[in-house]
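Okay, so the first sequence: first residue is 611 according to our numbering, each after it adds one.
Every residue gets a Cβ at the ideal spot worked out from N, C-alpha and C, and that includes glycine.
Being a predicted model, the structure only gives us computed values, none of them experimental.
Below is one structure, written out as structure tokens; the observations come after it.
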Amino acid sequence: MLTLSYLRENTNDAIERLSKRNIEASPLLNKVLELDSERKNKQTEMDNLLAEANLLAKQIGLLIKENKTQEANKNKERTILLKNNTQELKTKITELEEEIKSLLYTLPNTPHHSVPKGKTADDNEIVFTSGNVPQLPEEALAHWDLASKYNLIDFELGNKITGAGFPVYTGKGAKLQRALISFFLDEAIKAGYSEVIPPLMVNEASGYGTGQLPDKEGQMYHAATDNFYLIPTAEVPITNIYRDVILKENELPIKKVGYTPCFRREAGSYGKDVRGLNRLHQFDKVEIVQIANPENSYTILQEMVEHVKGLLTKLELPFRTLKLCGGDMGFTSALTYDMEVFSAAQKKWLEVSSISNFETFQANRLKLRFKDKTGKTQLAHTLNGSALALPRIVAALLENNQTPNGIKIPSHLVPYTGFELIN
RNA sequence: GGAGAGAUGGGUGAGUGGCUUAAACCAACAGUUUGCUAAACUGUCGUAGGGGAAACCUUACCGGGGGUUCGAAUCCCCCUCUCUCCGCCA
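Written out as structure tokens, the structure reads:
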């Protein structure tokens, strides 16, 4: 949620930035500012009445002690009158606050000034490309065929146990999952992140904190009896560690990494690019999260991008980095880089990571703040990125590294798998 | 699932209707002293809203929501959570 003070003081800046998302925000912002100033007036009015009532209440106490009952009763009448008036004001103020909040909830984050204009994924900017696209022979197999040829993943079995999008990994397929998870975690720890294993279900407050609620309610699995949500990403529980927290400046940046399964309903995306590992309801992901001083959060974003590039390089996968355009960026992000690997048999770029700076958008909802040098409390910046999401990495590894003798494991991964070849 | 006890500031913890402007201690921060560290001493030390150029003034907040009262951390009702014991169970 954008902060009111930012919108008040930088109205035109906000309108300009939001226009990159193809949003005409000025009518809504004017409405918000109008309601806000009305709220302030009512607040002042109410405070004055309450101040007088507080004073009278104190006097009544003294008067009763001195047995001046008559005067005390006179004051009582006046106080009752004041209280009645404050109650109306209170109701009005609450209404105004609710209205402002519900309007603000509909506004996405303001894009960073470097975000390109654009409407769809086609308008994203390719900022970096690495590695050569492998040329596979005619008879090369897609990963779902390789998965069944070598007994790595059983999609049908998952279908039986749960449903579509819940694969069962078996044998070397299972070991490969575990190897990738350990590799990603170790690399992150080497880069200074500290590991956490968070809960896989979160309560409503956490969902609101990172912005999945109320925006993407339908995308999360919901355990209705207890009103818990299955996490769509480790970002939710890990960032919420710092909900309602005031950090010291010297504690920043905070760097956390966590592996979790992720659960996504993917409502509305059936039938489109869902074959094999391309889109699942449950998948594994290692997530990096940082909480940063606003002064250097964009340096940190670059550092996170470099970290993920390093992972893909070590896995010897051809990849490219995209800077997302305004129209394709997530609701809560100010700047997002996507990482895509090339899956050689499908002949497609697959998104395997999304790295974003949310600036204060999440921190505002989370009430995640720090005390700066001058002793002032201000909102921190939150950032996160996948490092990495497993299924599409596996898809690319299987397809790109297939040979007549089997599938070759990249050398950096061999210490984790314990085998060099899947055959 | 059953029974009981609780929830007060960064922490411990006092506070049963006005003397609370939430005590006291600890932690933290700044300073004095010191060759350095420690100790001691002095001071500062919640969050949010409103007013003000500022000093400052003011309002709300003692798990959450409602109520009683001129006045509530304190009394009443509802909810949530935590702890202890019992039952079930990895």
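Quick check on this structure: which residue in Glu913, Asn813, Thr654 has the alpha carbon closest to the alpha carbon of isoleucine 851?
Here residue 851 corresponds to residue number 241 of the first sequence, with the count starting at 1. Among Glu913, Asn813, Thr654, the Cα nearest to that of isoleucine 851 belongs to Asn813.
State the Cα-Cα distance for the pair isoleucine 1019 and threonine 716, rounded to the nearest angstrom.
Here residue 1019 corresponds to residue number 409 of the first sequence, with the count starting at 1. Here residue 716 corresponds to residue number 106 of the first sequence, with the count starting at 1. When rounded, the distance between both Cα atoms is 46 Å.
Spell out the partners DSSP gives histidine 991 in its beta bridges.
Indexing the first sequence from 1 puts residue 991 at position 381. Bridge partners of histidine 991: Ala902.
Among residues of its own chain, excluding the 5 on either side of valine 1024, which ones have a beta-carbon nearer than 8 Å to its beta-carbon?
Stepping through the first sequence from its first residue, residue 1024 is reached at position 414. So the qualifying residues of the chain are Glu1030.
Would you say phenylalanine 968 and threonine 946 are within 7 Å of each other, going by their C-beta atoms?
To locate residue 968, count along the first sequence from 1; it is residue 358. To locate residue 946, count along the first sequence from 1; it is residue 336. No, the pair does not count as a contact, with Cβ atoms beyond the cut-off.
With 16 as the cutoff for other CB atoms within 10 Å, does isoleucine 710 come out buried or exposed?
Counting from one through the first sequence, the residue named residue 710 turns up at place 100. With a 10 Å radius around the Cβ and a threshold of 16 neighbouring Cβ atoms, isoleucine 710 comes out buried.
For the 8 Å Cβ check, are there 3 or more pairs between the stretch 886-904 and the stretch 859-876?
yes
What are the residues that DSSP puts in a beta bridge with threonine 780?
Here residue 780 corresponds to residue number 170 of the first sequence, with the count starting at 1. Partner(s): none; threonine 780 has no beta bridge.
Grab the span of the beta strand (DSSP E) containing tyrosine 947 for me, first residue to last.
Start at 1 with the first residue of the first sequence, and residue 947 comes out as number 337. That run of the beta strand (DSSP E) goes 945-953.
Go through its chain and collect everything with a Cβ distance to asparagine 1010's Cβ below 6 Å, but skip five positions before and after it.
The sequence position of residue 1010 within the first sequence is 400, counting from 1. Counting only Cβ-Cβ distances below 6 Å, and skipping sequence neighbours, we find Pro744, Ala954.
Identify whether histidine 891 lies in helix, strand or coil by the three-state DSSP scheme.
The count along the first sequence starts at 1 and reaches residue 891 at position 281. If DSSP states are grouped into helix, strand and coil, histidine 891 belongs with coil.
Within 10 Å of its beta-carbon, does aspartate 894 have 16 or more other beta-carbons around it, so buried, or fewer, so exposed?
Counted from its first residue, the first sequence places residue 894 at position 284. Under this definition aspartate 894 is a buried residue.
Quick one: give me the first and last residue of the alpha helix (DSSP H) that asparagine 685 is part of.
As a working mapping, residue 685 is identified with position 75 in the first sequence. Its alpha helix (DSSP H) spans residues 679-715.
Beta-carbon within less than 6 Å of proline 777's beta-carbon, same chain only, minus the 5 sequence neighbours each way: which residues are those?
Start at 1 with the first residue of the first sequence, and residue 777 comes out as number 167. Here the set comprises Ile763, Phe765, Gly768.
If you reduce the DSSP assignment to three classes, tell me which class asparagine 620 lands in.
In the first sequence, residue 620 corresponds to position 10, counting from 1. If DSSP states are grouped into helix, strand and coil, asparagine 620 belongs with coil.
Which residues share a DSSP beta bridge with isoleucine 736?
The residue labelled residue 736 in the question sits at position 126 within the first sequence. Looking at the DSSP assignment, isoleucine 736 forms a beta bridge with Leu932.
Tell me, which residues are paired with glutamine 745 by DSSP?
Taking the first sequence and counting its residues from 1, one reaches residue 745 at position 135. According to DSSP, which records beta bridges pairwise, glutamine 745 is partnered with nothing at all.
Under the three-state reduction of DSSP, which class applies to glutamine 669: helix, strand or coil?
Counted from its first residue, the first sequence places residue 669 at position 59. Here glutamine 669 sits in helix by DSSP.
What's the call for isoleucine 841, buried or exposed, on a 16-neighbour Cβ count within 10 Å?
Working through the first sequence from its first residue, we reach residue 841 at position 231. Per the 10 Å Cβ criterion, buried.
Closest to tyrosine 908 by CA distance: which of Ala990, Asn620, Glu634 is it?
Translated into the one-based positions of the first sequence, residue 908 becomes position 298. For the residues Ala990, Asn620, Glu634, the minimum Cα distance to tyrosine 908 belongs to Ala990.
If you follow the alpha helix (DSSP H) that lysine 919 is in, where does it begin and where does it stop?
Locating residue 919 in the first sequence gives position 309, counting from the first residue. Note, lysine 919: alpha helix (DSSP H), 907-924.
Assess, as a yes-or-no matter, whether the stretch 911-921 is touched by the stretch 996-1006 under the definition of 3 or more beta carbon pairs within less than 8 Å.
yes
Below 8 Å, can you find three or more Cβ-Cβ pairs linking the stretch 777-790 to the stretch 976-989?
no
On the criterion of 16 or more Cβ atoms from any shown chain inside 10 Å, does glutamine 912 qualify as buried, or is it exposed?
As a working mapping, residue 912 is identified with position 302 in the first sequence. The residue in question, glutamine 912, is exposed, as its Cβ has fewer than 16 Cβ neighbours within 10 Å.
Would you check if the distance between the CB atom of glycine 937 and the CB atom of asparagine 632 is smaller than 7 Å?
For the purposes of this step, residue 937 is taken as residue 327 along the first sequence, with counting starting at 1. For the purposes of this step, residue 632 is taken as residue 22 along the first sequence, with counting starting at 1. Yes; because the gap between Cβ atoms is below 7 Å, this pair is in contact.
If we count Cβ pairs, one from each stretch, closer than 8 Å, do we get three or more for the stretch 664-681 versus the stretch 718-728?
no
For leucine 927, collect the residues of the same chain with a Cβ closer than 6 Å to its Cβ; drop the 5 residues on either side in sequence, then sort them by chain order.
Numbered from its first residue, the first sequence carries residue 927 at position 317. Val951, Ala1006.
Less than 7 Å between the beta carbons of arginine 875 and glutamine 829, yes or no?
Here residue 875 refers to the residue found at position 265 of the first sequence. Here residue 829 refers to the residue found at position 219 of the first sequence. Taking 7 Å as the Cβ cut-off, arginine 875 and glutamine 829 qualify as a contacting pair.
From the DSSP output, which residues share a beta bridge with glutamate 897?
Sequence index remark: in the first sequence, residue 897 carries index 287 (1-based). For glutamate 897, which the question treats as bridged, DSSP gives the partners Gly868, Ser996.
May I have the straight-line CA-CA distance separating glutamine 956 from valine 915, to the nearest angstrom?
Here residue 956 is taken as the residue at index 346 of the first sequence, counted from 1. Here residue 915 is taken as the residue at index 305 of the first sequence, counted from 1. Whole-angstrom Cα-Cα distance: 25 Å.
Relative to the C-alpha of methionine 611, which residue among Ser712, Glu681, Pro1014 is closest?
Counting from 1 along the first sequence, the entry for residue 611 is found at position 1. Of the candidates Ser712, Glu681, Pro1014, Ser712 places its Cα closest to the Cα of methionine 611.
Please determine, among Arg788, Gln787, Glu708, the residue with the shortest C-alpha to C-alpha distance to arginine 649.
Residue numbering aside, residue 649 sits at position 39 when the first sequence is read from its first letter. Ranked by how close their Cα comes to the Cα of arginine 649, the residues Arg788, Gln787, Glu708 have Glu708 in first place.
Rounded to the nearest angstrom, what separates glycine 948 and glycine 940 at their Cα positions?
Here the question's residue 948 lines up with position 338 in the first sequence. Here the question's residue 940 lines up with position 330 in the first sequence. Looking at the sequence provided, one finds aspartate at residue 948 rather than glycine. Roughly 11 Å separates the two Cα atoms.
What number of angstroms, rounded off, separates the C-alpha of lysine 785 from the C-alpha of serine 1021?
Sequence index remark: in the first sequence, residue 785 carries index 175 (1-based). Sequence index remark: in the first sequence, residue 1021 carries index 411 (1-based). Each residue's alpha carbon lies about 15 Å from the other.
Under 7 Å, do isoleucine 703 and asparagine 685 count as touching if we go by C-beta distance?
To locate residue 703, count along the first sequence from 1; it is residue 93. To locate residue 685, count along the first sequence from 1; it is residue 75. Not a contact, by the Cβ cut-off of 7 Å.
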